[in-house]
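One structure is given here, and the rest of the page talks about it.
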Amino acid sequence: MEIPENVKKRLSIPAEEHFFAGHTACQGCGASLGIRYVLKAYGRKTIFVIPACCSTIIAGPWPYTALDANLFHTAFETTGAVISGIEAALKARGIKVKGEDGVMVVGWAGDGGTADIGLQALSGFLERGHDAVYIMYDNEAYMNTGIQRSSSTPYGAWTTNTPGGKRHFLEKRHKKKVIDIVIAHEIPYAATASVAFPEDFIRKLKKARKIPGPSFIQLFAPCPTGWRSPTDKSIEIARLAVQTAYFPLFEYENGKYKINMPSPKKEPKPIEEFLKLQGRFKYMTKEDIENLQAWVLHEWEKLKKLAEVFG
Amino acid sequence: MAESPFKADIERVQKEYSEKMTPGAIVYLPGSSVVNKTGSWRVFMPEFNRDKCVRCYLCYIYCPEPAIYLDEENYPVFDYDYCKGCGICANECPTDAIVMVRESK
Amino acid sequence: MAEYKPIRKVVSGNYAAAYAVKHARVQVVAAYPITPQTSIIEKIAEFIANGEADIQYVPVESEHSAMAATIGASAAGARAFTATAAQGLALMHEMLHWASGARLPIVMVDVNRAMAPPWSVWDDQTDSLAQRDTGWMQFYAENNQEVYDGVLMSFKVAETVNVPIMVVESAFILSHTYDVVEMIPQELVDEFLPPRKPLYDLADFSRPFSVGALATPNDYYEFRYKLAKAHEEAKKVIKDVGKEFGERFGRDYSDMIEKGYIEDADFVFMGMGSLMGTVKEAVDLLRKEGYKVGYAKVRWFRPFPKEELREIAESVKGIAVLDRNFSFGQEGILFNEAKGVLYNTDARPIIKNYIVGLGGRDFTVLDVKAIADNMKAIIESGKFDREVEWYHLKR
Chain A
154 MEIPENVKKR LSIPAEEHFF AGHTACQGCG ASLGIRYVLK AYGRKTIFVI PACCSTIIAG
214 PWPYTALDAN LFHTAFETTG AVISGIEAAL KARGIKVKGE DGVMVVGWAG DGGTADIGLQ
274 ALSGFLERGH DAVYIMYDNE AYMNTGIQRS SSTPYGAWTT NTPGGKRHFL EKRHKKKVID
334 IVIAHEIPYA ATASVAFPED FIRKLKKARK IPGPSFIQLF APCPTGWRSP TDKSIEIARL
394 AVQTAYFPLF EYENGKYKIN MPSPKKEPKP IEEFLKLQGR FKYMTKEDIE NLQAWVLHEW
454 EKLKKLAEVF G
Chain B
40 MAESPFKADI ERVQKEYSEK MTPGAIVYLP GSSVVNKTGS WRVFMPEFNR DKCVRCYLCY
100 IYCPEPAIYL DEENYPVFDY DYCKGCGICA NECPTDAIVM VRESK
Chain C
42 MAEYKPIRKV VSGNYAAAYA VKHARVQVVA AYPITPQTSI IEKIAEFIAN GEADIQYVPV
102 ESEHSAMAAT IGASAAGARA FTATAAQGLA LMHEMLHWAS GARLPIVMVD VNRAMAPPWS
162 VWDDQTDSLA QRDTGWMQFY AENNQEVYDG VLMSFKVAET VNVPIMVVES AFILSHTYDV
222 VEMIPQELVD EFLPPRKPLY DLADFSRPFS VGALATPNDY YEFRYKLAKA HEEAKKVIKD
282 VGKEFGERFG RDYSDMIEKG YIEDADFVFM GMGSLMGTVK EAVDLLRKEG YKVGYAKVRW
342 FRPFPKEELR EIAESVKGIA VLDRNFSFGQ EGILFNEAKG VLYNTDARPI IKNYIVGLGG
402 RDFTVLDVKA IADNMKAIIE SGKFDREVEW YHLKR
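Protein chains in written order, with my numbering: chain A, 154 to 464; chain B, 40 to 144; chain C, 42 to 436.
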């Protein structure tokens, strides 16, 4: 079913669909929505590199595939290295990469495959300056292997290897700031995005296409299965994550910070609004919540200052 | 439902690929996931009230499958072959034109 | 075919490999430095710097990423190459499986170096042989000429059967020792090795595809069988390419095992790599003294030349297998594989394992003579002293 022309004009996101239903993502999966948006932004002339993660399964077992684009499955820790190799090959063959009509090389890895095991390859990719895009879809744990904690899991969260219990053995470390590590490489473009704000995400993807050099986008992608949240609340949770400044949306472009959302002039919503929708936070005590709220506000202050000084 | 560009070939998938394994496990059929009718996963299904719809397109934008498409009059069309019943469309709809009801099979 | 006028250069094994990479018109090299491979990538960088070669060089941050980047480049249709040794090869082990499973015709030079601990940079075959199950084909070079020829032929063989190949040379003995190598003019290499026609190309969007997806137990078995079949088919391709190489350039490689004096030998020395160069010298000297000896130099360890070995075993009374490697809890690797190949046949030569030269300990003509004396005594008495001899053990 083609979308009629008059309707296409009214849509705030591209109408072309290169992602097909019938894939095996859970109900309400943020990651599958993320792939859908990336394909809308970049179209068929995209080379996707997907390491071992939920998306490996979502993309389809042999002989099926849900993507209308080229897809190379690779080992867990290698996303950054494989996109580097592909980009080098395209350059060697004289094929245009990035830019208006160039081929887009996209590394699509989860938080585990980026912040933990894939960090070395990511750092190499960023440091060498390849013309490709690395997107880390952040569902805040190793979801594909059954909801184990990763360095991106927030303070106080339940996971299968921080299951709470009598010893209150929950995640006791704050979320690793991958975006700060990436920005430390001083690449031309880095940004955070959320599936609740698809126009913003697609705008950033299109920007990444235009800016030469390595681009990095951290996408907040809720996982109802791992977060113990109702499947219909995924977008609402992704929206609240931004509005509480837990996951602010901002861009780093050529050394300058720009905050997109929430507005620095207003107070962000209290973190409880974000926490109460998710079963993984139900074991948190009052102190835990205060600890998390303090961390959120502290990081938010840091970001606001950076945007002021380097805006 | 968006048409897979190689829809006619997809019927060939199960037969040809099971007989002729491709080296390296290559799949040359983009969109072949459509053979898997995930509509069977549903417990709840979205019930659409056209009169309340203001054509904001949020349901179309936020469907993760995607199983919602738009017709010539710009109203959403639900593809129940693939809708998994997650309920995001109903939750995001600003006019309650979509309500999740328990499906009776 | 234009007339072949070789260009003679005095180069090390590593430089020979670098020249072969240049002549093969490799498009992407992603490598991480490790002794004693470094001069390969240094030479390649020199070629790029002075405009002699048009190669995209990716200075990756580890060997694991080196193989991953090479895999990405090969999947995107480019002719890709990398090089490593010992620890680096071990680090990229996971991706070696990936390269063969994804059916990518990557060529890699492995400089045989001892595995740590204890640290050692010297010649030892355990590193490459420990990767024998990864689905890669393996070619062992005896001298710098074979390194050069091996890389050129490997690209042709790999791109025909879509299986990656490692060309193995000895640390320092070949990698850093200078020797005369006959190189082939570029136009003739281009005739021998045309541009690559990839099995699949990520830069081709006419019909989008995915590679390497999940395969259930219903399908996985057949995928592995396909790779196994490719190894079997490769044997014929190796022979054909080796023969073509001989016709074009005068050096024939159609034998997967290079044989010497098999017809009138009581026993033969069997081994791989540079130590066989020493053996060839020694065999000539021993034959002058009346020893009835020969040699069987195994060029290709994977695919293993079963038919050739069985033929040799039928015409000799003994085989002294020289292993510059060891599989702990078992025995020398070449010995173990050769013995296994002979079991289901009637050939029953006396076959004994000599573990020599681990960690680069010098293996000389005198050592070959001592082993020859030992083998002679065993054959004459008909009794083994021991099956596995740690020949070089001093203390």
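Note that the Cβ used here is the ideal one computed from N, Cα and C, for glycine as well.
Residue-level contact to chain C via CB, residue i, 8 Å cutoff
i             : result
residue 143/A : The requested residue 143/A does not occur in the structure, where chain A is confined to residues 154 to 464.
residue 246/A : yes
residue 139/B : no
residue 174/A : no
residue 281/A : yes
residue 40/B  : For residue 40/B, the pLDDT reaches just 47, beneath the cut-off of 50, and the residue's location in the model is therefore unreliable, although a value from the coordinates is still provided. For residue 40/B, the answer is no, since every Cβ of chain C falls outside 8 Å of its Cβ.
residue 231/A : yes
residue 368/A : no
CB contact below 8 Å: residue i versus chain A
i             : result
residue 257/C : yes
residue 118/B : yes
residue 253/C : yes
residue 249/C : yes
residue 131/B : yes
residue 227/C : no
residue 68/C  : yes
Residue from the options with nearest C-alpha to residue i
i             : options                       : result
residue 108/A : 222/A, 206/A and 249/A        : There is simply no residue 108/A to check, as chain A begins at 154 and stops at 464 in what is shown.
residue 303/C : 290/C, 185/C, 335/C and 98/C  : 335/C
residue 279/C : 395/C, 337/C, 248/C and 346/C : 346/C
residue 216/C : 81/C, 316/C and 51/C          : 81/C
residue 284/A : 231/A, 235/A and 398/A        : 235/A
residue 398/A : 426/A, 325/A, 435/A and 213/A : 426/A
residue 69/B  : 87/C, 251/C and 116/C         : 251/C
residue 152/C : 144/C, 168/C, 138/C and 406/C : 168/C
residue 363/C : 388/C, 370/C and 311/C        : 311/C
residue 371/A : 395/A, 387/A, 316/A and 160/A : 395/A
residue 269/A : 289/A, 461/A, 254/A and 259/A : 289/A
residue 92/B  : 63/B, 116/B, 105/B and 103/B  : 116/B
residue 229/C : 431/C, 45/C, 435/C and 418/C  : 45/C
Amino acids of chain C, ordered along the chain, whose beta-carbon sits closer than 8 Å to that of residue i
i             : result
residue 60/B  : 260, 263, 264 and 267
residue 276/A : 102
Proximal chain C residues relative to residue i, where beta-carbon distance stays under 7 Å
i             : result
residue 198/A : 246
residue 210/A : 255
Under 7 Å from the C-beta of residue i: neighbouring residues of chain A
i             : result
residue 243/C : 200, 223, 225 and 239
Cβ-based burial, residue i [other Cβ within 10 Å; buried from 16]
i             : result
residue 359/A : exposed
residue 210/C : buried
residue 68/C  : buried
residue 189/A : buried
residue 48/C  : exposed
residue 423/A : exposed
residue 40/B  : Here the model assigns residue 40/B a pLDDT of 47, short of 50, so the residue's position is not dependable and the matter cannot be decided.
Closer than 8 Å to chain B by CB, residue i
i             : result
residue 386/A : yes
residue 160/A : yes
residue 203/C : yes
residue 220/A : yes
residue 217/A : yes
residue 189/A : yes
residue 170/C : no
residue 137/C : no
Chain B residues whose Cβ lies nearer than 9 Å to that of residue i
i             : result
residue 181/A : 103, 123, 125, 126 and 127
residue 142/C : 63 and 64
residue 398/A : Result: empty, since nearest Cβ-Cβ is about 22 Å, beyond 9 Å.
Per-residue contacts from residue i into chain A (C-beta, under 8 Å)
i             : result
residue 113/B : 157, 159, 160 and 163
residue 183/C : By Cβ distance, chain A contributes nothing, its closest Cβ being about 32 Å from residue 183/C, past 8 Å.
residue 97/C  : 241, 242, 244 and 245
Within chain A, the residues that residue i reaches when beta carbons sit closer than 9 Å
i             : result
residue 304/C : Residues of chain A passing the Cβ test: none, with the nearest at roughly 49 Å.
residue 71/C  : 234, 237, 238 and 241
Residues that residue i contacts on chain B, provided the C-beta gap is smaller than 7 Å
i             : result
residue 237/C : The contacting residues do not exist; residue 237/C stays about 15 Å from chain B at best.
Proximal chain B residues relative to residue i, where beta-carbon distance stays under 8 Å
i             : result
residue 185/A : 103 and 104
Quick one, which residues of the region 63–80 of chain B are near chain A if we go by CB-CB under 8 Å, in chain order? 64, 66, 68, 69, 70, 71, 72, 73, 74, 75, 76, 77 and 80
Residues of the region 100–129 of chain C in Cβ contact with chain A at a cutoff of 9 Å, in chain order, please. 100, 101, 102, 103, 105, 106, 107, 108, 109, 110, 111, 112, 113, 114, 115, 116, 117, 118, 119, 120 and 121
Contact set between the region 340–364 of chain A and chain B, restricted to residues whose Cβ is under 9 Å from the partner: 348, 349, 351 and 352
Residues in the region 349–362 of chain C with C-beta within 8 Å of chain B's C-beta atoms, listed in sequence order? none
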